[in-house]
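Participant: One structure is given below, represented as structure tokens, and several questions about it will come after.
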Ligand SMILES: [Mg+2]
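Here it is as structure tokens:
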């Protein structure tokens, strides 16, 4: 059986980011399936925490099944599912306008909220929730602006990732949509529920009854995965299969010694070029 490297030998919970860690677009990242299976064989609990709000958790179950990764709906914590449960704590059965895709809309509906379109009365909207929307239009931004400035809607966001890794390279991320609403309303989101907000990881720790010191997050982005992990006190492993280059980590490490102002939360505990490096050879 595989043995884990020294830094991860006490791990009981492994949290995986998805895009850029497990797969990139519709391509599995080499060996991620084998590493996940090997961790499960070691009786380590595996869950997935993604900032991508475009898909429902059922869609993620099917996506991982296509890659022959066994999983369960309860293993997924997406920025859409986290947003839906947090919004429900603020107000039940709310009327919500989303700039977002099916994942966000369905997760909100499942929690009992009414998700409306731009034809609805803007005065009745409680929340504008913004996430990644690949069908963003001027009309959607204009309606969100109207709900917030002329109505009573409060502005929240799923995440603010600048980019989104796909098989062929990078695409614009949800941060572009969030910034659009921010600029035309002059308001920042009251809260961004996805990473680097550590609350998602904290709820995973609570649900799985895990201690931060026995948990690790594998992510490809410093200002979301690694920052959230460090804030939640779990071990952080940067995998160089997604958006971050090793030169960015080297720069941060160098800057840290020269300036105390550098956000040390951005610095991962471990940097690996491939997930299989977590096992001793
Ligand atoms: Mg990622």
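Residue numbers (the working numbering): 19 to 299. Cβ coordinates follow ideal geometry from the N, Cα and C atoms, glycine included. Predicted model, so just to flag it, every value in this text is computed and none were measured.
Step through the CB atoms of chain D and report whether any lies within less than 8 Å of the CB of residue 229.
Facilitator: Considering every chain present, this structure includes no chain D. It has just one protein chain.
Participant: Report the residue from 210, 156, 79 whose alpha carbon sits nearest the alpha carbon of residue 148.
Facilitator: Comparing Cα-Cα distances from residue 148 to each of 210, 156, 79, the minimum goes to 210.
Participant: Can you name the start and end residues of the alpha helix (DSSP H) that residue 82 belongs to?
Facilitator: Residues 75 to 84.
Participant: Is it right to say residue 111 is buried, meaning 16 or more other beta carbons lie within 10 angstroms of its own, or is it exposed?
Facilitator: It is exposed - the Cβ of residue 111 has fewer than 16 other Cβ atoms within 10 Å.
Participant: On a CA-only basis, which of 100, 50, 63 is nearest residue 213? Give me that one, please.
Facilitator: If we check each option's Cα against that of residue 213, 100 comes out closest.
Participant: Where do the ends of the beta strand (DSSP E) carrying residue 290 lie?
Facilitator: Element bounds for residue 290: 288 to 290.
Participant: Can you tell me the Cα-Cα spacing of residue 215 and residue 299, whole angstroms?
Facilitator: Cα to Cα, the separation comes out at about 35 Å.
Participant: For the pair the segment 29 to 48 and the segment 176 to 193, tell me if three or more CB-CB distances fall below 8 Å.
Facilitator: Judged by Cβ distances under 8 Å, the segment 29 to 48 makes contact with the segment 176 to 193, as three or more pairs qualify.
Participant: Please report the residue range of the alpha helix (DSSP H) in which residue 210 lies.
Facilitator: It is not in any alpha helix (DSSP H) - residue 210 carries neither H nor E in the DSSP assignment.
Participant: Tell me the DSSP secondary structure of residue 228 in three-state form.
Facilitator: Here residue 228 sits in coil by DSSP.
Participant: Secondary structure at residue 189, three-state DSSP: helix, strand or coil?
Facilitator: Of the three classes helix, strand and coil, the one that applies to residue 189 here is strand, per DSSP.
Participant: Taking buried to mean at least 16 other C-beta atoms within 10 Å of its own C-beta, is residue 73 buried or exposed?
Facilitator: Buried is the call here.
Participant: Can you name the start and end residues of the alpha helix (DSSP H) that residue 164 belongs to?
Facilitator: Element bounds for residue 164: 156 to 167.
Participant: CA-CA distance, residue 257 and residue 75?
Facilitator: Whole-angstrom Cα-Cα distance: 23 Å.
Participant: For residue 265, count the other beta carbons within 10 Å of its own beta carbon; 16 or more makes it buried, fewer makes it exposed. Which is it?
Facilitator: Residue 265 should be labelled exposed.
Participant: Does the distance from the CB of residue 32 to the CB of residue 234 come in under 8 Å?
Facilitator: Cβ atoms of residue 32 and residue 234: closer than 8 Å.
Participant: From 244, 93, 272, pick the residue whose C-alpha is nearest to that of residue 288; which is it?
Facilitator: The residue with the shortest Cα to Cα distance from residue 288 is 244.
Participant: Out of 67, 282, 29, point me to the one whose CA is closest to residue 94's CA.
Facilitator: The shortest C-alpha separation from residue 94 is found at 67.
Participant: Let's test the definition: count the other Cβ atoms within 10 Å of the Cβ of residue 50 and tell me whether it reaches 16, buried, or not, exposed.
Facilitator: Buried, by the Cβ-count rule.
Participant: Assuming residue 219 and residue 247 make a contact with CB atoms under 8 Å, what is their CB distance in whole Å?
Facilitator: About 6 Å; that satisfies the 8 Å criterion.
Participant: Could you check the C-alpha separation between residue 229 and residue 262 for me, to the nearest Å?
Facilitator: Each residue's alpha carbon lies about 27 Å from the other.
Participant: Should residue 239 be counted as a contact of ligand 1 given a C-beta to heavy atom distance under 7 Å?
Facilitator: True, at least one ligand heavy atom lies under 7 Å from that Cβ.
Participant: Please state the DSSP three-state secondary structure of residue 152.
Facilitator: Note: residue 152 maps to coil in three-state DSSP.
Participant: When you measure from the CB of residue 37 to every non-hydrogen atom of ligand 1, does any distance come out below 7 Å?
Facilitator: Correct: residue 37 has its Cβ closer than 7 Å to ligand 1.
Participant: Buried or exposed: where does residue 84 fall if 16 or more other Cβ atoms within 10 Å of its Cβ makes it buried?
Facilitator: Its Cβ having fewer than 16 others within 10 Å, residue 84 is exposed.
Participant: Please find out if some non-hydrogen atom of ligand 1 comes closer than 7 Å to the beta-carbon of residue 149.
Facilitator: No, the beta carbon of residue 149 sits no closer than 7 Å to any heavy atom of ligand 1.
Participant: How would you write the range of the beta strand (DSSP E) that residue 172 sits in, first residue to last?
Facilitator: 172 to 175 is the span of the beta strand (DSSP E), which, as asked, contains residue 172.
Participant: Roughly how many whole angstroms lie between the Cα atoms of residue 192 and residue 123?
Facilitator: Cα to Cα, the separation comes out at about 15 Å.
Participant: Please report the distance separating the alpha-carbon of residue 103 from that of residue 160.
Facilitator: About 27 Å.
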